[in-house]
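Keeping their order, the protein sequence lines are chains A and B. Mapping of the first sequence onto the working numbering: residues 1 to 591, in sequence order. Mapping of the second sequence onto the working numbering: residues 1 to 591, in sequence order. All remarks here apply to the structure that follows.
2 protein chains.
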Amino acid sequence: MTRARLKTYLPILDWLPGYDRQALTNDGIAGLIVAIMLVPQGMAYALLAGLPPEVGLYASIVPLVFYGLLGSSRALAVGPVAIVSLMVATTLGQIAESGSAGYLGGAILLAFLSGAILLGMGMARLGFLVNFLSHPVISGFSSAAALVIGFSQLKHLLGFDIPRSHLITETIGHAVTHISQLNPATFAIAAVSLVILLLFKGRLAPWLKGVGLNPAIADGLAKSGPLVAVLLTTLSVWFLGLNQSAGVSIVADIPAGLPPLTLPGFDLALIQQLLPAALLISLVGFLESVSVAKSLASKRRQKIDANQELIALGAANIGASLTGGYPVTGGFSRSLVNFAAGAVTPLASIITAVLIALTVLLFTPLLYFLPKATLAAIIVVAVANLIDLKTFREAWVYNKADAASLAATFLAVLTLGVEFGIVAGAGLSIALYLWRTSRPHMAEVGRVGSTEHFRNVLRHEVQTHPDVLAMRVDESLYFANTAYLEDELLARVADHPEIKQLVLIMNAVNFIDASALDTLETLVVRLRDAGVALHLSEVKGPVMDRLERVSFSAKLGKGNIYLSTHDAIQDLTSQHASGPPLTRSGERVAV
Amino acid sequence: MTRARLKTYLPILDWLPGYDRQALTNDGIAGLIVAIMLVPQGMAYALLAGLPPEVGLYASIVPLVFYGLLGSSRALAVGPVAIVSLMVATTLGQIAESGSAGYLGGAILLAFLSGAILLGMGMARLGFLVNFLSHPVISGFSSAAALVIGFSQLKHLLGFDIPRSHLITETIGHAVTHISQLNPATFAIAAVSLVILLLFKGRLAPWLKGVGLNPAIADGLAKSGPLVAVLLTTLSVWFLGLNQSAGVSIVADIPAGLPPLTLPGFDLALIQQLLPAALLISLVGFLESVSVAKSLASKRRQKIDANQELIALGAANIGASLTGGYPVTGGFSRSLVNFAAGAVTPLASIITAVLIALTVLLFTPLLYFLPKATLAAIIVVAVANLIDLKTFREAWVYNKADAASLAATFLAVLTLGVEFGIVAGAGLSIALYLWRTSRPHMAEVGRVGSTEHFRNVLRHEVQTHPDVLAMRVDESLYFANTAYLEDELLARVADHPEIKQLVLIMNAVNFIDASALDTLETLVVRLRDAGVALHLSEVKGPVMDRLERVSFSAKLGKGNIYLSTHDAIQDLTSQHASGPPLTRSGERVAV
Numbered sequence: 001m002t003r004a005r006l007k008t009y010l011p012i013l014d015w016l017p018g019y020d021r022q023a024l025t026n027d028g029i030a031g032l033i034v035a036i037m038l039v040p041q042g043m044a045y046a047l048l049a050g051l052p053p054e055v056g057l058y059a060s061i062v063p064l065v066f067y068g069l070l071g072s073s074r075a076l077a078v079g080p081v082a083i084v085s086l087m088v089a090t091t092l093g094q095i096a097e098s099g100s101a102g103y104l105g106g107a108i109l110l111a112f113l114s115g116a117i118l119l120g121m122g123m124a125r126l127g128f129l130v131n132f133l134s135h136p137v138i139s140g141f142s143s144a145a146a147l148v149i150g151f152s153q154l155k156h157l158l159g160f161d162i163p164r165s166h167l168i169t170e171t172i173g174h175a176v177t178h179i180s181q182l183n184p185a186t187f188a189i190a191a192v193s194l195v196i197l198l199l200f201k202g203r204l205a206p207w208l209k210g211v212g213l214n215p216a217i218a219d220g221l222a223k224s225g226p227l228v229a230v231l232l233t234t235l236s237v238w239f240l241g242l243n244q245s246a247g248v249s250i251v252a253d254i255p256a257g258l259p260p261l262t263l264p265g266f267d268l269a270l271i272q273q274l275l276p277a278a279l280l281i282s283l284v285g286f287l288e289s290v291s292v293a294k295s296l297a298s299k300r301r302q303k304i305d306a307n308q309e310l311i312a313l314g315a316a317n318i319g320a321s322l323t324g325g326y327p328v329t330g331g332f333s334r335s336l337v338n339f340a341a342g343a344v345t346p347l348a349s350i351i352t353a354v355l356i357a358l359t360v361l362l363f364t365p366l367l368y369f370l371p372k373a374t375l376a377a378i379i380v381v382a383v384a385n386l387i388d389l390k391t392f393r394e395a396w397v398y399n400k401a402d403a404a405s406l407a408a409t410f411l412a413v414l415t416l417g418v419e420f421g422i423v424a425g426a427g428l429s430i431a432l433y434l435w436r437t438s439r440p441h442m443a444e445v446g447r448v449g450s451t452e453h454f455r456n457v458l459r460h461e462v463q464t465h466p467d468v469l470a471m472r473v474d475e476s477l478y479f480a481n482t483a484y485l486e487d488e489l490l491a492r493v494a495d496h497p498e499i500k501q502l503v504l505i506m507n508a509v510n511f512i513d514a515s516a517l518d519t520l521e522t523l524v525v526r527l528r529d530a531g532v533a534l535h536l537s538e539v540k541g542p543v544m545d546r547l548e549r550v551s552f553s554a555k556l557g558k559g560n561i562y563l564s565t566h567d568a569i570q571d572l573t574s575q576h577a578s579g580p581p582l583t584r585s586g587e588r589v590a591v
Numbered sequence: 001m002t003r004a005r006l007k008t009y010l011p012i013l014d015w016l017p018g019y020d021r022q023a024l025t026n027d028g029i030a031g032l033i034v035a036i037m038l039v040p041q042g043m044a045y046a047l048l049a050g051l052p053p054e055v056g057l058y059a060s061i062v063p064l065v066f067y068g069l070l071g072s073s074r075a076l077a078v079g080p081v082a083i084v085s086l087m088v089a090t091t092l093g094q095i096a097e098s099g100s101a102g103y104l105g106g107a108i109l110l111a112f113l114s115g116a117i118l119l120g121m122g123m124a125r126l127g128f129l130v131n132f133l134s135h136p137v138i139s140g141f142s143s144a145a146a147l148v149i150g151f152s153q154l155k156h157l158l159g160f161d162i163p164r165s166h167l168i169t170e171t172i173g174h175a176v177t178h179i180s181q182l183n184p185a186t187f188a189i190a191a192v193s194l195v196i197l198l199l200f201k202g203r204l205a206p207w208l209k210g211v212g213l214n215p216a217i218a219d220g221l222a223k224s225g226p227l228v229a230v231l232l233t234t235l236s237v238w239f240l241g242l243n244q245s246a247g248v249s250i251v252a253d254i255p256a257g258l259p260p261l262t263l264p265g266f267d268l269a270l271i272q273q274l275l276p277a278a279l280l281i282s283l284v285g286f287l288e289s290v291s292v293a294k295s296l297a298s299k300r301r302q303k304i305d306a307n308q309e310l311i312a313l314g315a316a317n318i319g320a321s322l323t324g325g326y327p328v329t330g331g332f333s334r335s336l337v338n339f340a341a342g343a344v345t346p347l348a349s350i351i352t353a354v355l356i357a358l359t360v361l362l363f364t365p366l367l368y369f370l371p372k373a374t375l376a377a378i379i380v381v382a383v384a385n386l387i388d389l390k391t392f393r394e395a396w397v398y399n400k401a402d403a404a405s406l407a408a409t410f411l412a413v414l415t416l417g418v419e420f421g422i423v424a425g426a427g428l429s430i431a432l433y434l435w436r437t438s439r440p441h442m443a444e445v446g447r448v449g450s451t452e453h454f455r456n457v458l459r460h461e462v463q464t465h466p467d468v469l470a471m472r473v474d475e476s477l478y479f480a481n482t483a484y485l486e487d488e489l490l491a492r493v494a495d496h497p498e499i500k501q502l503v504l505i506m507n508a509v510n511f512i513d514a515s516a517l518d519t520l521e522t523l524v525v526r527l528r529d530a531g532v533a534l535h536l537s538e539v540k541g542p543v544m545d546r547l548e549r550v551s552f553s554a555k556l557g558k559g560n561i562y563l564s565t566h567d568a569i570q571d572l573t574s575q576h577a578s579g580p581p582l583t584r585s586g587e588r589v590a591v
């Protein structure tokens, strides 16, 4: 194996040799900031997934080290994320009661399966699969998932139990009809946390800069909202004894010590049951991770290798399953913070991991009085960013089909659940693409003045000949559109018996598959039966190479293949002594 | 409703007013010939479907009349066909014992469901759906189905029971290990029938023409193979009493009289169970029918309306379900015979129907001694035509992906069954199409001599500039290829830091969806971060119209949209005082 090849598989070889003190300082600061952010986030997302809070911390140690050793991104911060946590909750909710041993075992198995799937996909170089999720589908999915996640936190914010449901209307209905059970102290903590988080997020940095603070420090302080909320509410509960006196739900005992070594249980029936969900979790997690990794890499003109990312995330998830964690991936906001805080190599992630390991070893007693309402508020503010109306508005203006697939995915997630929603959305966007390419744009063209240019007769003033029809087809020819092409051409010829020559302009045809080749051959025969010769013009090099393999030009019979449409029209009109050309000037406005 | 519109829905209004004696003579002869062909075929296909022979005759009366009144094809001959019969047998084999009342009721319900699906698809104008079955998939499916059908007849040809199996190897294995049970008389009848059918089909017409017979009469006589085989073997069994003495299985009693009026049983659980199969039967039947209808119509410069065909076939199947029949469609060979015999209007089909009605009323006793082995031989010879190696050979030469989807469909049908096979084939061909469009051909181009033409640097001797990269992308941009485009462009720019301007040539881009628009916007930013400006050239009118809706040109920042690539290169090289152009002459041969 060459050294360059080895570096692809072990990206650490790329950066470790040139590592210096300056880089260590940068990575150290970034690692610390991410660790401060990740402690409450990790616990919050674990609770969202229906797991004990420490599982979120365990999932933020070994996975980060494994990703740091194998990942091709310099700034990606791996760990628990909101959407994957929701998917874990939805999946495990069907097999066990939250809090039971079966539930925890299921989470560990899910991490293992996701890891195995990601590793397998990376080795089979299947990173491209994720491209089949279109941006509108992802946007619709994220917005709907954010709503589901947000409303799933209502019980923590209000302080009374609301049965889990993927139907928001049910959650809201239950909350409204049982509002008398509201726990005032919990609700107050949630409200204060939300206000702190929102103020820090939106107003603090501009205000600090306005009073003359160094912008870098101002931005840094603005990110400390979660830390401030955690400190303030934890201390309040502790000093006021709100957990005892007012029934505020707290994180309470977190076992001190490093993550336990765990082994996923290999129950075949359970594996079979979890496999579809593990596949979706892998794909969605990979998608989130690789998008943010790409976006950060291009800012420094670095490259991301999607297949190496699959391998690194696979290793991270297997790491999670061996150390009491649950599925992880690269998080969006966390990675942006890591990047902005100056992380230059994956050592920043490894430093984060060490700090979180120290936390679970030494500082868990400090988290005892942390109210769950604060964690819920952190989740709500984090996922609010995912609600994205802008993409819908833009898609509506730009292309209604994209807007439709966004709306359909959004509604499918809200009404039918997270897993079905994304599958339905992906299926729909592929169906809409196939539908569009199955009805290609076709234009009759004519000559512009005395130039060699040919344009759409409906858009331009052009000259045509009554016995020669020149048609341009604006799509590659393949099985799904070949019948449409045939029907359109035969209908034109049937409606205009004066046509004797048909020139098909192929400059937008990038490929002709075997079905379309068949159809072209049939078309030659059918047109000949109707007294019309078929000619091609402007056939592209690669397309012509293939046509020559099957001697297509011989099958055209009396038809020719012309280099340019101009040549074709010149030849066909002189040959048949056509009358004078007709001038036509965009007779209809439709395209 | 206008008169023209009415004619679309009732094509009979189109031909009935001008109908004359000459047309009646032509239709009469064609109707008679098809009836003679259809009596043994109908019975044979009913046996193939696991149904009593008379069901095949019943399915050849009312459905033909309904199609004749509603169909847009002038020459299509509707009735039982081989592949649909096989699919009926596969489906019903899972719900009841062949010969039971449940089996017959299932067949009637299946005809009703297919009819309803076809009618519904016609009204929803979903005729295009059938285009998503590619020719290689259809070829692989037909070849494999022909093998399955052929081997399913082995028991009738050999005269001993072989358990039904979709695995040919099992059928052959059972036949070989039980060959001692062979019924010699049955086998002799089968062999004689096969020889007659093959001789008539292959040798008779050339020989008759060779001895000076009128070619039309020679071709007509050559089609009488099934009739001759039926007559000869029926008479042999009758006179020699082979059914009694030698255990030859015969058609025996067929109830005399017109088809019974039947009503499908509306058992919801059964409907749910049969629905997927009914959908596939409808699609496959419609596909066979519309292909042959189109092929015949174009020979006379007539049009086929796919949606009207759906309605007519839907009515035909509902007709079948109301008169004791089973699913029908337009048959390939039968329609060719109808057309060649001179049918000019659907009245030919109605005449066929009347003749078959007379047959079931009066002539069923004549069919008593008809051996099942003869019917099996008719099926085997008919389906042998479907085995199609040529399409595979051609696809292999032309495009390996098409050959692969053909082979995969063929193998899936043989190993996993008819229904799963065609679904798998269709899915694979769509996946291969998506895969191809997800990795578009991209070429760096340079200027040819001092012309305004730009060509692939790998194929032509062209001039380029070190700081300007001109790339042509040969595919519409959509969600599945947009990441590929981005990666390729960013990788080029990362590898060649001297590049300052990137011109993307869009003359082969027929569409840009919202995901690709997003990517282009991101690409502008990522390239800017890397010190490169993105420009577009040769953007098509409809694509530009959409880009203008979202003010894309403003988002390009320092980039421009040029009408031609020549303009772009002229402008960008003069503006930046580039050095002298480099001459490059197809440095690599790969495309």
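Just so you know, even glycine gets a beta-carbon here, dropped at the ideal spot from N, CA and C.
Check: List, in order along the chain, the chain A residues whose C-beta lies closer than 7 angstroms to that of H174 (chain B)?; Outcome: Simply none; closest approach about 33 angstroms.
Check: Against chain A, with Cβ distances strictly below 9 angstroms, would R588 (chain B) count as a contact?; Outcome: Any reading at R588 (chain B) needs caution, since the residue's pLDDT is 39, under 50, leaving its predicted position unreliable; the model's value is listed next. It does not: the Cβ of R588 (chain B) has no partner Cβ on chain A nearer than 9 angstroms.
Check: By the 9 angstroms beta-carbon criterion, what residues does the region 477-508 of chain B contribute toward chain A?; Outcome: Y478, F479, A480, N481, T482, A483, Y484, E486, D487, L490, A491, V493, A494, P497, N507, A508
Check: Output yes if chain A places a C-beta closer than 9 angstroms to the C-beta of G541 (chain B); else output no.; Outcome: yes
Check: With a CB to CB cut of under 8 angstroms and the five nearest residues on each side skipped, what residues in its chain are close to D14 (chain A)?; Outcome: K7
Check: V381 (chain B) by DSSP, collapsed to three states: which one?; Outcome: helix
Check: Only counting the same chain, and skipping five residues up and downstream in sequence, which positions put a Cβ closer than 7 angstroms to that of G331 (chain A)?; Outcome: A77, G79, V81
Check: With DSSP as the reference, label Q94 (chain B) as helix, strand or coil.; Outcome: coil
Check: Any beta carbon from chain B within less than 9 angstroms of I593 (chain A)'s own beta carbon?; Outcome: This structure leaves residue 593 (chain A) out entirely; chain A is present only between 1 and 591.
Check: Could you tell me the boundaries of the beta strand (DSSP E) in which M471 (chain A) lies?; Outcome: 468-473
Check: Return the chain-ordered ranges of every beta strand (DSSP E) run that is complete within the region 477-553 of chain A and spans a minimum of 3 residues.; Outcome: 501-505, 533-537
Check: Given that N131 (chain A) touches chain B, what residues does it touch there, using C-beta distances under 8 angstroms?; Outcome: S438, F479, A480, N481, T482, A483, Y484
Check: Is F128 (chain B) close to chain A? Criterion is C-beta to C-beta, closer than 9 angstroms.; Outcome: yes
Check: Mark Y9 (chain A) as exposed unless 16 or more other C-beta atoms lie within 10 angstroms of its C-beta, in which case mark it buried.; Outcome: exposed
Check: What first and last residue would you give for the beta strand (DSSP E) that runs through E444 (chain B)?; Outcome: 442-447
Check: Check the C-beta distance from I281 (chain A) over to P327 (chain A) and give it rounded, since I have them as a contact under 8 angstroms.; Outcome: 5 angstroms
Check: Pick out whichever of A:I569, A:L502, A:A403 has its Cα sitting closest to the Cα of T451 (chain A).; Outcome: A:I569
Check: Using a Cβ-Cβ cut-off of 7 angstroms (strictly less than) and excluding sequence neighbours within five positions of A590 (chain A), which residues of its own chain qualify?; Outcome: Caution applies to A590 (chain A), whose pLDDT of 34 falls short of 50 and renders its modelled position unreliable; the value that the coordinates give is listed next. Result list for A590 (chain A): L458, in chain order.
Check: So R393 (chain B) contacts chain C; which residues on that side make the cut at Cβ distance below 7 angstroms?; Outcome: Among the protein chains of the structure shown, namely A and B, there is no chain C.
Check: What did DSSP end up calling V589 (chain B) once you bin it into helix, strand or coil?; Outcome: For V589 (chain B), the pLDDT reaches just 35, beneath the cut-off of 50, and the residue's location in the model is therefore unreliable, leaving the point undetermined.
Check: Let me confirm a value: N385 (chain B) is counted as buried when at least 16 other C-beta atoms fall within 10 Å, else exposed. Which label applies?; Outcome: exposed
Check: From L119 (chain A) to V532 (chain A), what does the alpha carbon distance come to, in whole angstroms?; Outcome: 57 angstroms
Check: I want to see whether chain B comes within less than 9 angstroms of T374 (chain A), judged by CB atoms only; does it?; Outcome: no
Check: Indicate the three-state DSSP secondary structure (helix, strand or coil) for G50 (chain B) in the structure shown.; Outcome: coil
Check: Check the Cβ-Cβ distances between K299 (chain B) and every residue of chain A, and say whether any is below 9 angstroms.; Outcome: yes
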